[in-house]
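Reviewing the structure listed below.
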Amino acid sequence: MENRTLRVFKTTDYREKPNSDELAFGRTFTDHMFVMDYSESEGWHDAKIVPYEPLKVDPAAMVFHYGQSVFEGLKAYLNPQGEPLLFRPQKNIARLNRSNERLCIPPIDEDFLLHALKQLIHIEKEWIPEADGTSLYIRPMIISTEPFLGVAPSKQYKLVIILSPVGAYYKEGINPIKIAVENEYVRAVRGGTGEAKTGGNYASSLKAQEVASKGGYSQVLWLDGVEKKYIEEVGSMNVFFKIGDEVVTPQLNGSILSGVTRSSVIQLLEHWGVNVRESKLTIEELYEEYTNGNVEEVFGSGTAAVISPIGQLDWNNHQMVFNNGKTGKLAKELYDTLTGIQYGRLADPFNWVEKVTAHNEMHKVG
Ligand SMILES: *Cc1c(COP(=O)(O)O)cnc(C)c1O
Numbered sequence: 008m009e010n011r012t013l014r015v016f017k018t019t020d021y022r023e024k025p026n027s028d029e030l031a032f033g034r035t036f037t038d039h040m041f042v043m044d045y046s047e048s049e050g051w052h053d054a055k056i057v058p059y060e061p062l063k064v065d066p067a068a069m070v071f072h073y074g075q076s077v078f079e080g081l082k083a084y085l086n087p088q089g090e091p092l093l094f095r096p097q098k099n100i101a102r103l104n105r106s107n108e109r110l111c112i113p114p115i116d117e118d119f120l121l122h123a124l125k126q127l128i129h130i131e132k133e134w135i136p137e138a139d140g141t142s143l144y145i146r147p148m149i150i151s152t153e154p155f156l157g158v159a160p161s162k163q164y165k166l167v168i169i170l171s172p173v174g175a176y177y178k179e180g181i182n183p184i185k186i187a188v189e190n191e192y193v194r195a196v197r198g199g200t201g202e203a204k205t206g207g208n209y210a211s212s213l214k215a216q217e218v219a220s221k222g223g224y225s226q227v228l229w230l231d232g233v234e235k236k237y238i239e240e241v242g243s244m245n246v247f248f249k250i251g252d253e254v255v256t257p258q259l260n261g262s263i264l265s266g267v268t269r270s271s272v273i274q275l276l277e278h279w280g281v282n283v284r285e286s287k288l289t290i291e292e293l294y295e296e297y298t299n300g301n302v303e304e305v306f307g308s309g310t311a312a313v314i315s316p317i318g319q320l321d322w323n324n325h326q327m328v329f330n331n332g333k334t335g336k337l338a339k340e341l342y343d344t345l346t347g348i349q350y351g352r353l354a355d356p357f358n359w360v361e362k363v364t365a366h367n368e369m370h371k372v373g
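Each residue of the sequence shown is one higher than the one before, starting from 8 at the first, in this note's numbering.
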């Protein structure tokens with residue numbers, strides 16, 4: 008039923024590439040995109056790389072009404088030899104399928120999607136910026152396209168991968184951020200869709216983010232949706248606390264997104280012999296450890312920033328300042344090591360990095 012052919016239709020109208028120093032996040036897109044469709048009779052089919060262009064989707068498409076959609080986010084990097092690298096792409100594709108499962112979207116063939124992604128990256132490799140800290144952001148997404156206003160899983164879908172060259176996240180060196188604990192709004196609840204990468208989670212987080220921005224904070228720290236007691240995530244990052252000689256991160260509980268960076272941080276720390284504890288942690292416990300002088304470092308983890316040190320955390324009337332508001336030693340070490348591996352500058356002891364080479368390319372047409 009499934010058709011694994013990948014056809015390539017090259018553009019004739021190449022776009023101008025932005026300068027490395029003008030790159031923002033997610034505003035410029037490359038010449039080509041990958042698309043694949045799903046129907047009940049054909050399964051996932053008609054995979055192709057085509058010139059980047061607006062999608063033609065029926066206004067009755069279910070995604071516009073009930074939000075049945077999932078997405079992913081990862082990056083391609085250039086190593087010192089100028090070869091494109093991907094960082095643990097299988098993890099993102101596997102997570103895409105877990106998100107699919109939660110959102111009643113039919114699973115995709117993971118090997119085929121990785122092959123298609125590599126081919127797209129190979130074709131667009133000139134778009135991977137070279138300057139320090141820059142990369143090509145990869146955004147796969149699946150939307151429900153059946154034109155139907157009934158509330159049910161769609162019978163048609165479109166999978167799209169678009170690419171966007173992005174600038175360095177830290178332009179003047181890695182920099183701590185200021186965070187507010189969110190007491191009113193919640194991001195997700197157990198049993199909900201918090202563990203899936205789905206647009207609805209982001210739609211429901213905007214309000215809290217807006218209020219926090221007005222108060223001068225860059226993100227919010229999310230507490231669990233039931234008791235508003237347990238620490239879950241920070242903005243759209245996972246979160247870590249160095250408390251004494253231990254690093255604590257909230258355990259995956261169904262409402263926390265299972266970050267690829269999170270899992271890499273845990274693996275690296277364990278490799279270095281640092282004690283990592285995945286467990287519940289309440290905001291009260293954190294404050295108590297803080298007042299006892301035990302909280303040495305706090306940082307977030309995610310594909311965009313890699314590691315984002317948290318210099319200040321405000322909770323009700325309490326202000327917690329970590330490591331004098333400076334980037335901690337561990338955060339810096341993790342950042343340097345992870346980015347070193349991602350850009351192929353450091354040894355890759357866990358085989359996290361995949362090179363994109365020409366022989367990935369096949370079935371070229373047009
Ligand atoms: C994507 C995401 C993360 C980070 O995941 P990575 O795989 O490390 O990029 C964390 N939290 C939320 C809510 C996310 O959507």
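Glycine included, every Cβ here is placed at the ideal spot set by N, Cα and C.
For residue i, which residues does DSSP report across the bridge?
{"i": "Ser265", "result": "Answer is none; Ser265 lacks a bridge partner."}
{"i": "Leu228", "result": "Val188 and Val241"}
{"i": "Ile150", "result": "Ser76 and Lys165"}
{"i": "Met40", "result": "Val57"}
{"i": "Met69", "result": "Met69 is not bridged to any residue."}
{"i": "Val328", "result": "Gln319"}
{"i": "His52", "result": "Asp44"}
{"i": "Pro257", "result": "Ser286"}
Ignore the nearest five residues each way along the sequence and tell me which others in residue i's own chain have a CB closer than 6 angstroms to its CB.
{"i": "Lys287", "result": "Tyr237"}
{"i": "Met327", "result": "Tyr297 and Leu320"}
{"i": "Gly174", "result": "Leu30 and Thr141"}
{"i": "Val255", "result": "Phe248, Arg284 and Leu288"}
{"i": "Leu228", "result": "Ile186, Val188 and Val241"}
{"i": "Lys235", "result": "none"}
Taking the alpha-carbon positions, what's the residue i to residue j distance?
{"i": "Ala101", "j": "Glu189", "result": "31 angstroms"}
{"i": "Glu191", "j": "Val302", "result": "25 angstroms"}
{"i": "Val305", "j": "Pro113", "result": "38 angstroms"}
{"i": "Leu143", "j": "Asn299", "result": "43 angstroms"}
{"i": "Ile130", "j": "Tyr59", "result": "13 angstroms"}
{"i": "Leu341", "j": "Pro316", "result": "11 angstroms"}
{"i": "Lys17", "j": "Pro96", "result": "24 angstroms"}
{"i": "Gly307", "j": "Thr268", "result": "10 angstroms"}
{"i": "Asn324", "j": "Met244", "result": "24 angstroms"}
{"i": "Phe119", "j": "Ser265", "result": "23 angstroms"}
{"i": "Ser76", "j": "Lys165", "result": "10 angstroms"}
{"i": "Asp20", "j": "Pro172", "result": "18 angstroms"}
{"i": "Leu259", "j": "Glu292", "result": "18 angstroms"}
{"i": "Ser270", "j": "Gly309", "result": "10 angstroms"}
{"i": "Glu23", "j": "Gly33", "result": "16 angstroms"}
{"i": "Asn99", "j": "Arg105", "result": "10 angstroms"}
When we look at the beta-carbon of residue i and count the other beta-carbons within 10 Å, is it buried (16 or more) or exposed?
{"i": "Leu85", "result": "buried"}
{"i": "Trp51", "result": "buried"}
{"i": "Pro66", "result": "exposed"}
{"i": "His39", "result": "buried"}
{"i": "Ser262", "result": "buried"}
{"i": "Lys178", "result": "exposed"}
{"i": "Gly347", "result": "exposed"}
{"i": "Phe357", "result": "exposed"}
{"i": "Asp231", "result": "buried"}
{"i": "Gly82", "result": "It should be pointed out that residue 82 corresponds to Lys in this sequence rather than to Gly. It counts as buried."}
Tell me which same chain residues have a C-beta within less than 7 angstroms of the C-beta of residue i, skipping the five on either side of it?
{"i": "Gly222", "result": "Ala187"}
{"i": "Thr344", "result": "Leu275 and Leu353"}
{"i": "Glu368", "result": "Summary for Glu368: the model assigns pLDDT 48, below 50, so the residue's position carries little reliability; its value from the coordinates is reported in the next sentence. Hits under 7 angstroms: Gln126 and His129."}
{"i": "Ala123", "result": "Leu13, Phe41 and Ala54"}
Please list, in chain order, all residues of the same chain as residue i whose beta carbon is under 8 angstroms from its beta carbon, the five residues on each side excluded.
{"i": "Glu90", "result": "Gly351, Lys362, Val363 and Thr364"}
{"i": "Phe63", "result": "Looking at the sequence provided, one finds Lys at residue 63 rather than Phe. Cβ within range, chain order: n/a, list empty."}
{"i": "Gly74", "result": "Thr205, Gly206, Gly207 and Ala210"}
{"i": "Arg197", "result": "Asp231, Gly232, Val233, Asn260, Gly261 and Ser262"}
Compute every distance between the C-beta of residue i and the non-hydrogen atoms of ligand 3, then say whether any falls below 7 angstroms.
{"i": "Val267", "result": "With respect to small molecules bound, the structure shown includes ligand 1 and not ligand 3."}
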